[in-house]
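See structure below.
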Amino acid sequence: MAADAVVERGRGGELIAERVGPVGWITFSNVARHNAVTLAMWQTLPVLLQAFAEDPEVRVVVLKGAGDKAFVAGADISEFERERADPEAVERYDRAGAEANEALKSCAKPTIAMIRGYCIGGGLGLALCCDLRIAAEDASFAIPAAKLGLGYGFTGIKQLADLVGPAFAREILYTARRFSAAEAAHIGLVNQVVPVAALAGRVQETAAMIAGNAPLTIAAAKECVAQWAKLPEDRDLARPAAAVKACFASRDYAEGRAAFRDKRKPSFEGR
29 MAADAVVERG RGGELIAERV GPVGWITFSN VARHNAVTLA MWQTLPVLLQ
79 AFAEDPEVRV VVLKGAGDKA FVAGADISEF ERERADPEAV ERYDRAGAEA
129 NEALKSCAKP TIAMIRGYCI GGGLGLALCC DLRIAAEDAS FAIPAAKLGL
179 GYGFTGIKQL ADLVGPAFAR EILYTARRFS AAEAAHIGLV NQVVPVAALA
229 GRVQETAAMI AGNAPLTIAA AKECVAQWAK LPEDRDLARP AAAVKACFAS
279 RDYAEGRAAF RDKRKPSFEG R
């Protein structure tokens, strides 16, 4: 990261937010437990995402894990005795996790999961909430709920099945086995797989590519896909229609046409 990056620490000191140019980075840092997510981390994630959403300098948000062993290896089970000791505590904990995932899914900026090592359980859930997933060859993926007696709700399973199809969703959930990065790419769980040494460069390259494009066009595309992913009766098609209309009324649309005419790179402002 750049030496002048803006650094903030979330509650518990385990989420680190940095803005480097047009890219906002969020690092899950709990290295001793393969970046397992604590309650404090779940509660902090929406706050950091909102800060990046409101920062006009940020065009893309990237999530990654600290160290070289894991993206996120699920929830931090070591704190369950304390944080999930009674029904009220369980409800509070589950609500924090659901709100974190929803904040990530609905983030106004494009999101990328940069995946190295373990991407397990709740970690895979976080990756699924991102718009893109770029993995290193050493990444591994699993939802081990069936080995723990846990139940996964409809929303999360629909999100998985929408991405990989019902047949592979069943295999992931029924077997609870680990899938390699190559298998994950084959079934559509990740967008790209690259050598470990190339991961950071590929993510930065992809983020820069997105950051250089028209923000309103990307926002409209994101809104259209978000409505497509909902059940038909829950869709609000007025939202993507308004987002598309905003593109054609924007200064960026004029800039894009002028840049094409002048054979130069456009300079988009998001308005």
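Mapped onto the numbering used here, the consecutive letters of the sequence shown carry residue numbers 29 to 299. Where is the CB? At the ideal position from N, CA and C, for every residue including glycine. Quick caveat, the model's predicted, so the values are computed rather than measured.
Please report the straight-line C-alpha distance between Val253 and Cys158, rounded to a whole angstrom.
As a first step, residue 253 must be located in the sequence shown, where it is residue number 225. As a first step, residue 158 must be located in the sequence shown, where it is residue number 130. It is roughly 12 Å from the alpha-carbon of Val253 to the alpha-carbon of Cys158.
Residue from Glu116, Phe56, Gln187 whose Cα sits closest to the Cα of Glu153
Along the sequence shown, one-based indexing puts residue 153 at 125. According to the sequence provided, residue 153 is Gly. The question's Glu does not apply to it. With distances taken between Cα atoms, Gly153 lies closest to Gln187.
What first and last residue would you give for the beta strand (DSSP E) that runs through Ile200?
Against the sequence shown, residue 200 aligns to sequence position 172. Ile200 -> not in any beta strand (DSSP E); alpha helix (DSSP H) instead, spanning 194-203.
Rounded to the nearest angstrom, how far is the Cβ of Ile140 from that of Thr234, given a contact under 8 Å?
Walking along the sequence shown from the start, residue 140 turns up at place 112. Walking along the sequence shown from the start, residue 234 turns up at place 206. Cβ atoms of Ile140 and Thr234 come within 8 Å of each other, at about 6 Å.
Find the nearest neighbour of Arg112 within the set Gly284, Leu67, Gly49, judged by alpha-carbon distance.
The count along the sequence shown starts at 1 and reaches residue 112 at position 84. Ranking Gly284, Leu67, Gly49 by Cα distance to Arg112 puts Leu67 first.
Per DSSP, the bridge partner or partners of Met237:
Here residue 237 is taken as the residue at index 209 of the sequence shown, counted from 1. Per DSSP, Met237 has no beta-bridge partner at all.
Helix, strand or coil for Val275? Go by DSSP, reduced to three states.
Here the question's residue 275 lines up with position 247 in the sequence shown. One detail in the question is off: residue 275 reads as Cys in this sequence, not Val. Cys275 falls in the helix class under three-state DSSP.
Rounded to a whole number of angstroms, what is the C-alpha to C-alpha distance between Pro138 and Ala170?
By one-based count along the sequence shown, residue 138 stands at place 110. By one-based count along the sequence shown, residue 170 stands at place 142. Between Pro138 and Ala170, the C-alpha separation is close to 24 Å.
Touch check for the stretch 250-268 and the stretch 277-289: three-plus C-beta pairs under 8 Å?
Because the criterion of three Cβ pairs below 8 Å is not met, the stretch 250-268 and the stretch 277-289 do not touch.
Does the contact criterion of 3 or more C-beta pairs under 8 Å hold for the stretch 116-130 versus the stretch 67-83?
In short, these stretches touch, since the Cβ pair count reaches three.
So what's Ile185 in DSSP terms, helix, strand or just coil?
Position 157 of the sequence shown holds residue 185. DSSP places Ile185 in helix when its eight states are reduced to three.
Separation of Gly149 from Glu42, as counted between CA atoms:
By one-based count along the sequence shown, residue 42 stands at place 14. By one-based count along the sequence shown, residue 149 stands at place 121. When rounded, the distance between both Cα atoms is 19 Å.
Are at least three pairs of beta-carbons, each pair with one atom in the stretch 262-270 and one in the stretch 180-200, less than 8 Å apart?
Contact check between the stretch 262-270 and the stretch 180-200: fewer than three CB pairs, one atom from each, fall below 8 Å, which does not count as touching.
Evaluate contact between the stretch 95-103 and the stretch 44-64, counting only Cβ atoms and requiring at least three cross-stretch pairs below 8 Å.
The answer is yes - the stretch 44-64 touches the stretch 95-103, with three or more Cβ pairs under 8 Å.
Beta carbon of Ala247, beta carbon of Ala271: below 7 Å?
On the sequence shown, position 219 is the one that residue 247 refers to. On the sequence shown, position 243 is the one that residue 271 refers to. Their beta carbons are under 7 Å apart, which means Ala247 touches Ala271 by this criterion.
Who are the near neighbours of Asn241 in its chain, counting only those whose CB is closer than 8 Å to its CB and skipping five residues on each side?
Stepping through the sequence shown from its first residue, residue 241 is reached at position 213. Excluding sequence neighbours, Asn241 sits near Phe296.
Would you report the Cα separation of Phe80 and Val86, rounded to the nearest angstrom?
Along the sequence shown, one-based indexing puts residue 80 at 52. Along the sequence shown, one-based indexing puts residue 86 at 58. Between the alpha carbons of Phe80 and Val86 lies a gap of roughly 6 Å.
In whole angstroms, what separates the C-alpha of Ala117 from that of Arg123?
Position 89 of the sequence shown, counted from the start, is the residue given in the question as residue 117. Position 95 of the sequence shown, counted from the start, is the residue given in the question as residue 123. If I take the Cα positions, the gap works out to 10 Å.
Please tell me whether Gly151 and Val100 are closer than 7 Å, where the distance is taken between their beta carbons.
Within the sequence shown, residue 151 is the residue found at index 123, counting from 1. Within the sequence shown, residue 100 is the residue found at index 72, counting from 1. Cβ distance < 7 Å, so Gly151 and Val100 count as in contact.
Exposed unless 16 or more other CB atoms sit within 10 angstroms - verdict on Phe207
Position 179 of the sequence shown, counted from the start, is the residue given in the question as residue 207. Under this definition Phe207 is a buried residue.
How long is the line joining the alpha carbons of Glu82 and Ile238, rounded to whole angstroms?
Numbered from its first residue, the sequence shown carries residue 82 at position 54. Numbered from its first residue, the sequence shown carries residue 238 at position 210. One Cα belongs to Glu82, the other to Ile238, and the distance between them is close to 18 Å.
By alpha-carbon positions, which one of Trp70, Ala103, Phe108, Leu176 ends up nearest to Cys147?
The count along the sequence shown starts at 1 and reaches residue 147 at position 119. Per the Cα distances, Ala103.
Between Pro294 and the rest of its own chain, which residues show a CB-CB distance below 7 Å, the 5 nearest in sequence each way excluded?
Taking the sequence shown and counting its residues from 1, one reaches residue 294 at position 266. Here Pro294 has Glu283, Gly284, Ala287 as same chain residues with Cβ atoms under 7 Å from its own Cβ, once five neighbours each way along the sequence are excluded.
What's the gap between the Cα of Gly179 and the Cα of Leu191?
Counting from one through the sequence shown, the residue named residue 179 turns up at place 151. Counting from one through the sequence shown, the residue named residue 191 turns up at place 163. As the crow flies, the alpha-carbon of Gly179 is around 20 Å from that of Leu191.
Span of the alpha helix (DSSP H) holding Cys157?
As a working note, residue 157 is residue 129 in the sequence shown. Start and end: 150-157.
Under DSSP, the alpha helix (DSSP H) around Arg47 begins and ends at which residues?
Walking along the sequence shown from the start, residue 47 turns up at place 19. Segment 43-48 is the beta strand (DSSP E) holding Arg47; no alpha helix (DSSP H) there.
Cβ-Cβ separation, Gly193 to Asp166 (assumed contact under 8 Å), whole Å
Start at 1 with the first residue of the sequence shown, and residue 166 comes out as number 138. Start at 1 with the first residue of the sequence shown, and residue 193 comes out as number 165. Not confirmed; about 25 Å, so no contact.
From what residue to what residue does the beta strand (DSSP E) around Ile143 run?
Here residue 143 is taken as the residue at index 115 of the sequence shown, counted from 1. Here the beta strand (DSSP E) through Ile143 covers 139-143.
Give me the Cα-Cα distance between Val35 and Met69, rounded to the nearest whole angstrom.
Numbered from 1 along the sequence shown, position 7 holds the residue referred to as residue 35. Numbered from 1 along the sequence shown, position 41 holds the residue referred to as residue 69. Bear in mind that the predicted position of Val35 carries a pLDDT of just 42, short of 50, making it too unreliable to give a figure here.
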